[in-house]
Amino acid sequence: MINFSHEVFYEVARQLSFSKAADTLYISQPAISKHIQSLEKFYKVSLFERKGISVALTTEGKILLEHLTKARELQRQLEFDITRQKNLQLAKGSLTLGTSTTISLYVIPPVFSAFHQKYPNIDLKLVNRNSENILKALLDHEIDLAITEGKNNITSVKYQFFLADEVVPVCSAKSELSKRKTIRPEELKNITVALRERGSGTLLAVSEALQKCRISIADIKNKIVLGGTEALKNFLLDDTCLGFLPLRSVARQLKNGELIRLNIPGLQINRNFYFMQRRGSETDRINQLFIKLAISHYNKKL
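Next up, the structure:
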């Protein structure tokens with residue numbers, strides 16, 4: 471079994487920071503150093519090169535990290551496989567799910583609740599970042615399973631369809647734009663438009679749809695960029711410009727009239743959400759339990 475010193479090493483190696491690892495593990499930085507020194511004494515090697523306030527893995531440290539990454543996944547599966555023999559619903563394990571902002575806010579909460587009620591001994595953790603950084607976290611083994619918008623077609627990742635989604639142009643009810651029956655796509659070049667940050671799945675979907683109308687993001691002269699769906703939505707509620715948001719995120723505001731959905735002929739922004747797993751982990755039983763429950767949950771709502 472992997473001991474706590476190995477877990478400490480894993481966090482320091484993953485973040486290349488003693489202080490960040492201490493924050494993650496809720497222990498002091500001197501305690502982190504003590505655990506690393508214990509491992510270095512046990513293996514009789516240096517695991518990190520210390521250069522001022524920065525650290526880097528030595529060759530031996532890289533070897534330990536490679537084997538420890540595999541061992542952690544094996545231990546996770548071992549605990550689940552043994553404890554599920556008597557009663558699947560009482561099986562122990564863990565699942566770290568990484569999702570983009572829209573999914574974490576508007577899709578996953580009811581699924582997490584249903585999963586926890588059915589499998590109360592499986593520890594759940596949600597990592598929320600934009601789509602680009604979630605993919606990196608999956609490839610770095612920081613998370614077990616991911617859900618993002620669209621596909622990157624990376625050969626080391628397996629994709630599985632989850633849900634369809636739509637991004638819509640909206641504005642505040644107090645905006646002059648709300649009185650317009652239609653807005654021509656080319657008018658966006660001279661309208662102030664609020665957008666998500668680079669690396670977000672929402673921005674990518676908007677960009678691809680605009681390109682079909684022969685417009686690029688660069689053509690929009692007046693842009694306001696906000697990080698996060700909620701930040702963008704709250705900005706639009708107070709401002710008078712146009713913005714693009716996932717329909718799921720503004721359903722309530724559209725219903726009560728705070729936001730108005732705008733009509734831009736020829737601009738349709740549809741996208742899909744996909745589960746992502748590292749190649750070789752497709753048979754991970756905890757992942758499969760979660761995927762099955764999530765798909766079932768939303769199929770029932772159709």
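Position one of the sequence shown corresponds to residue 471 (our numbering), numbered consecutively onward.
Virtual Cβ for every residue (Gly too), placed ideally from N, Cα, C.
Legend entry - Buried versus exposed call for R546 [16 or more other C-beta atoms within 10 Å across all chains shown]: buried
Inset, instruction - Pick helix, strand or coil for Q499, following the three-state DSSP scheme. - result: helix
Inset, instruction - Look up E619 in the DSSP assignment and give the residues it is bridged to. - result: F743
Inset, instruction - Tell me whether the beta-carbon of L567 lies closer than 7 Å to the beta-carbon of A483. - result: Not closer than 7 Å, so no.
Inset, instruction - Quick one: measure Cβ to Cβ for F550 and R749, integer angstroms, because I've assumed they're closer than 8 Å. - result: In this structure F550 does not touch R749 by the C-beta definition: roughly 21 Å separates them, more than the 8 Å allowed.
Inset, instruction - With a cut-off of 8 Å on the beta carbons, I'd call S686 and T699 a contact; round off their distance for me. - result: In fact, because the Cβ distance is near 23 Å, the residues do not count as touching under 8 Å.
Inset, instruction - Report buried or exposed for Y589, applying the criterion of at least 16 other Cβ atoms within 10 angstroms of its Cβ. - result: buried
Inset, instruction - Specify, as a first and last residue, the run of the alpha helix (DSSP H) that P580 falls within. - result: Unbroken alpha helix (DSSP H) run through P580: I578 to K588.
Legend entry - Inter-residue Cα distance where the pair is K659 and L712: 12 Å
Legend entry - Beta carbon of T572 nearer than 7 Å to that of I578: no
Legend entry - Spatial distance of A679 from I739 (CA atoms): 6 Å
Inset, instruction - State the Cα-Cα distance for the pair G671 and K621, rounded to the nearest angstrom. - result: 10 Å
Inset, instruction - Report the partner residues of S642 according to the DSSP bridge assignment. - result: L729
Legend entry - For F488 and S475, believed in contact at Cβ under 8 Å, the rounded distance: Not quite, the Cβ-Cβ distance comes to about 14 Å (not below 8 Å), so this is no contact.
Inset, instruction - For K691, name the three-state secondary structure that DSSP assigns. - result: coil
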